[in-house]
Every structure is written in structure tokens, then in C-alpha cells.
Amino acid sequence: MSLTLDPKIPSGPLEQKWERHKFESKLINPSNKRKFEIIVVGTGLAGASAAATLGELGYKVTAFCFQDSPRRAHSIAAQGGINAAKNYQNDGDSVHRLFYDTIKGGDFRAREANVHRLAEVSVSIIDHCVALGVPFAREYGGLLDNRSFGGAQVSRTFYARGQTGQQLLLGAYSALNRQIAAGTVEMHSRTEMLDLVTVDGHAKGIVTRNMVTGEIKSWAADCVIMATGGYGNVFYLSTNAKGSNVTATYRAYKRGAAFANPCYTQIHPTCIPVAGDHQSKLTLMSESLRNDGRVWVPKNKGDTRPPSQIPDSERDYYLERKYPSFGNLAPRDISSRSAKEVCDEGRGVGPGGLGVYLDFADSIKRLGEAKIRERYGNLFDMYHQITGENAYEMPMRIFPAVHYTMGGLWVDYNLMSNLPGLFVLGEANFSDHGANRLGASALMQGLADGYFVIPYTIGNYLAPEGGKRPTTDHPAFKQTEADVRAKIQKFLSIKGKRSVESFHRELGLLMWDHCGMGRSEKSLTRALNRIPALRQEFWENANVPGENESLNGSLEQAGRVADYLEFGELMCLDALKRNESCGGHFREEYQTPDGEAQRDDEHFAHVAAWEYQGENKPPIRHVEPLVYENVKLATRSYK
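Residue numbers (the numbering used here): 492 to 1130.
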């Protein structure tokens, strides 16, 4: 099939597109909804909210997650908050301002229509979550409280202490459980999607592996929704859960779904620094901490004095110095590069000089320790448990780490892939954040997609497709299932001497060094030369013990690392072909004299979507132009 990228953006003024699209979208009456079966893969915020809402509408939903419970989805790890244009603080916020901040924060590399819809829907998300019982923080009088996040000069972030993701997921999980009890949603935990089944060019099912028994099984449906998260673990060390992976989206890509902007990865500026080679993951310290913490390093290179002995006159509050308008709440990509810059100058703190200070002394003096403990207590406790240091008495040490991925499967305005019948929600798609996501916008997008977008747009595909659901006896299911079984057998038959973990660690370091916070033509070319050799060694020398017919963590990991060894190459290729710097994609050859990202709007104001061509064949790069009719393309400035 020939790949076409039609974004299906509605006509009319930007402010009216979503309302007009909802009215013009095809409807399915309640009794007919019961005739349609929908598969939902992933039960984080996007997947759980979609499954619950579609089940309540009357569709027959079958949901899958590889965790032992939907409650353990990685959405639970989000800490700081969720954005919404409520303007409760009366500080100048609006739907248009949230829209503009998001477009600007993404360095003008996102679709206007999608982002404006997100800003519109944000207002409803908060009301819905409050109705579900999410315990957002409240002011003394009982009204919902707000705080600020990076890239904004208003307070629009709603939060539940430092565990907002957990509370929002519990809300979605309760809605999901209600539908499970009602019989509209059938839930399968400890079940991993290993391939997508296409029939006549349409996504019509999946093949899964039961992670406890090893059973391989096919599932048919009228359409498939994927809400499987991001691919940050390609770097091995990230703030993602260890189980987070690219397998579902990458195998959909190999079945014909276009993968958009894979080089757009977000490095979060406030994470606990790497402590040693033994580590297998990193820990996020919420961006919300930068509301009350001040980021600094010593002014003098090699200053190893304890922070309490360095007077204020010898400290460089570099974000406040470089970006006075936004200060410590500069966007993540800019804050991360600034931290790397001062560490590269030899002014970093802690072991190896790979850290900067996040200091709460001034806020504790101004507000009192009790208020800081009320706002961030669980984060300070977490920091103490990991580092053994008391951040109420001395500054935290932080350093950037991989956190989120803005790239993902390409989707149109309906959130449908170029592969008909495949819908992609949340972090798994590319749609709303451009080249850099603003803090507290991931939870907003996941819940917007699941609660308020897909319930309207899915009918545009299902209504004309009524009665075209195949059974699992179809030859396409038999062939895909055979492919899955063959691949599993191939893993188990390698019988090499290196652990799968060692390959993942080596790939991750290679990706971080060559396609991390800074990339260049030289580093990316080097990575593209080394990855195929590492992949070949994996297939010749990996050791995958055990068998398929039982719980086998090594087998699960082998499948995920094998996909990363292919996907890492696609990431580097995408970064190499994008000859500009924008947001989280920082090509060192393309920067302004003062070290800021230098875009090339003439040649790269577009989405790059890659089409798989087959094993050992280069993928084809397709382009969706980004048209800006309501905002003026401008160089980002947070100074």
C-alpha cells in the first residue's frame, strides 16, 4: 500500500475546528455500539480512560497490559501536575495562551489544530477528574490550587502533592473497574502484545503472549487502540519504568504504520544523578520543585567546597542569569542543555562533576519548612531514601536524564494512524508536543485523548466499516501468529554467552553519547555504523535462558532489546536527516552564537514520518508540512 499522510484537519477558524468536527463526525446509535469490538493495548492514563469511556458508551472493549494490574502503568510515576486553562488564579491564562505556550514550547513543530483542541479539552479534564474523586490540592478555602511549570508565566498546573500521576491513574482505574464489573470491558493483565494483525490493509487484531504461561493467542476486533507509552528506555538509563518499551509501536511500524519524529526525545533537567555503573534506571525529581528551588553551581571551576560554605556572591544561578523572564522555570530542553553546559565547563557538583544544585534554603526561610513539606514532602522523602541526604538542610543534586518522547506513531486529527483501524493515544503518538513537551502536559494529553477525543472520532472509522470484523481463523491471523512463534524460537535458540541486559546497556550508552542531549553529523554517523554490528552480535551471542511455556523475564527482555537495536538506528537516521536544532533535538552544528537552538523553518517546518521497507532496507522518509495560520513562526526566547 502507498503511504499517504492526510492529517484530516477540519476547515474553519481554529477556535471552531473541534466543535465543528464533533458535529460533522459520524455517529453510531447505542444499540449498534454493542456490535463493535475494540482492542485497547496499554492501560495507563490514555488507555484506561479510553477503555472506560468506550465501555460506558456501549462498545465491547478488550484491554491488555503487561503489568499485573492497570494500576502499575508508568503513568503512576508522573509527579508534578496536569495543565488546564481554567484561569482560577486570574493571572491572565486562557485557552489561547495554553495553546500558544504549547506551540512555542514545542519549538513550532506541532500541528496548530491538534494543540488548540488539547487546550480546549483541558478545561473539561479537571472537572471530570474531580468528579471521579481525584484529590487535587486545595487552598485554605477549599478551592483547587495551582502552581507554575516550565515554559509558562501563569499558574495553570493542578496537582496532588508530588504524586499527581498516581492519583489521576487511580481515578481512571476506578472508572475502568466500573466497566469491567458492568461487563463492557474485558481486562487481560500480564499479557504482552507482540504483533499487530492487518487484514486487507486495516488493523483488525493483535497477537499476544501470556507472560505467566507463555500462551500465544490471537485477538480480533473492529479496530485497535494503542496507548503503550514512549520509547525512552532505548537509552537504557531513563526515568521510565524498567518495563516501558517500544515493542508495540515498533512492531506496528513494521506492519505499515508510519513512525513520526523519532529523534524528538526529552531530557528532563531535574533527576537524581547517576550514582554508578550498577544502576538500571534513574529517578525523576518533579519539575514542580523549581517553583521553590533555585538552580545554581559554583562560579569557579573545580570548587569542591560543601554548598553551605560557598557564599551567595560565588554562586551562579545560571537559569536566572540567562533567562530572567522565566528563571528557574525555563522549558526542559533549555534547562537541560544549560545544566550540561555548566558541567562541561567543569563547574558541576557531586561525583564526576555531573550535577547541579537545586536549593530550597530561600523558600524555607520565606515560607517555613512545614509549607515546603506540605507541597513536596514525598519527593524530599524519596530523595533522602535514594541519596541519604536531607534536602531540607542542604541542596538537592540534580542532573538531566531521559524522561519522555515526543515522537511516536503518526496520527491524523482523529488520532488514527495511516494504517486504517489503528488508533494511537498518549505518548505513543507524536501529535501534540512538537519537538519539546512542556511540563505537566503529558497527563493532559493522555486524558484528553482517552476521555474526550477518541470517543468522538472513532465513529468516523467504525460507522462505514460495520460488519467487517474478521475472525481469528483468517489466514492473516494464522500467519502473524506463526511469525511471533518463530521469533520467540529464534531468541531461545541463540545460546550465546552475553546477557541481553549487557546489550541493552551498551546500546543505551551509545545512544546517550551519540544521540542524546547533543547530536552532530559526526556522532550520528558513528552511531549508525556501530548499531548494526551490535545488533548482529546480539543475534549471534545473546543468552536467552529458559523456555516459552512459563514465566520468562529474559525472553520478554530479549524481544524488547531486539526492537531497540533496530529502533535506535531509526532514531539516529531521523536525527541525521533533520539538519536543524529544535526543542529536544539539538544538532551541535546548528546553534546561535549564544548556544540556543537554531531552527530552519524553510526546510524543516514539517513532520518527518518513516515508512518501513523491510529487513535490511532503508526506510522511506515522508513529510507532512506544518502550516501556521494563527501563530507567527519566531525564534523562541525565554529571556
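We put the beta carbon where it would ideally sit given N, CA and C, even for glycine.
- Scanning the region 827-862 from its first residue to its last, the whole alpha helix (DSSP H) runs of 4-plus residues come out as 852-858.
- Counting the other Cβ atoms within 10 Å of the Cβ of F599 gives 16 or more, which makes it buried.
- Sorting Y1119, I1111, K1108 by C-alpha distance to the C-alpha of A1096 places Y1119 at the top.
- By the criterion of at least three beta-carbon pairs nearer than 8 Å, the region 586-594 is not in contact with the region 659-666.
- I697 is a Cβ neighbour of I530, given a cutoff of 8 Å.
- Taking a 10 Å sphere around the C-beta of L1067, we find 16 or more other C-beta atoms and assign the residue as buried.
- The C-beta distance from H924 to T730 rounds to 17 Å, too long to meet the 8 Å contact threshold.
- The three-state reading of DSSP puts R1026 in helix, counting H, G and I together.
- DSSP assignment within the region 639-707 yields the following whole beta strand (DSSP E) runs of 3 residues or more, N-terminal first: 676-679, 682-690, 693-701.
- Annotation for Q757: the continuous beta strand (DSSP E) segment containing it runs 756-762.
- Taking one beta carbon from each stretch, the region 908-916 and the region 683-699 have 3 or more pairs nearer than 8 Å; the two touch.
- Under the 10 Å beta carbon count, Y727 is surrounded by 16 or more other beta carbons and is classified as buried.
- Going by DSSP, C1073 is part of no alpha helix (DSSP H) at all; its letter is neither H nor E.
- With a cutoff of 8 Å on beta-carbon distance, L660 and S799 are scored as not near each other.
- Spatial neighbours of G572 in its own chain (CB-CB distance under 7 Å, excluding positions within 5 residues in sequence) are listed in chain order as R638, F640, T648, F649, Y650, T655, S779, A931.
- In this structure, the straight-line span from the alpha carbon of Y808 to that of E918 is close to 33 Å.
- For F555, the uninterrupted beta strand (DSSP E) run begins and ends at 551-555, by DSSP.
- Under DSSP, Y895 forms a beta bridge with Q757.
- For the pair L934 and N920, the CB atoms are not nearer than the 8 Å cut-off.
- In the same chain as M678, and ignoring 5 residues on each side of it, the C-beta atoms closer than 6 Å to its own belong to A554, I671, in chain order.
- Cβ-Cβ distances below 8 Å link Y591 to V1122 in the same chain, with the five nearest sequence neighbours on each side left out; the list follows chain order.
- Sequence-distant partners of S922 (beyond 5 residues in either direction) whose C-beta falls short of 6 Å from its own C-beta, in its chain, are N605, V902.
- Two segments are said to touch when three or more pairs of C-beta atoms, one from each, lie closer than 8 Å; by this definition the region 817-835 does not touch the region 866-874.
- G898 places its beta carbon less than 8 Å from that of P753.
- By the neighbour-count definition (other C-beta atoms within 10 Å, threshold 16), V703 is an exposed residue.
- Beta-bridge annotation (DSSP): A751 is paired with G899, A1100.
- Under the DSSP definition of a beta bridge, R1010 partners with C1006, R1078.
- Per DSSP, the beta bridge partners of A1033 are R989.
- The C-beta separation of K517 from A973 comes to about 36 Å, leaving the pair out of contact by the 8 Å criterion.
- With contacts defined as CB atoms closer than 8 Å, S540 and A575 fail to qualify as a contacting pair.
- CA-to-CA, the gap between F982 and V788 works out to about 48 Å.
- Going by DSSP, R785 is part of the beta strand (DSSP E) stretching over 785-789.
- Per DSSP, V621 has no beta bridge partner at all.
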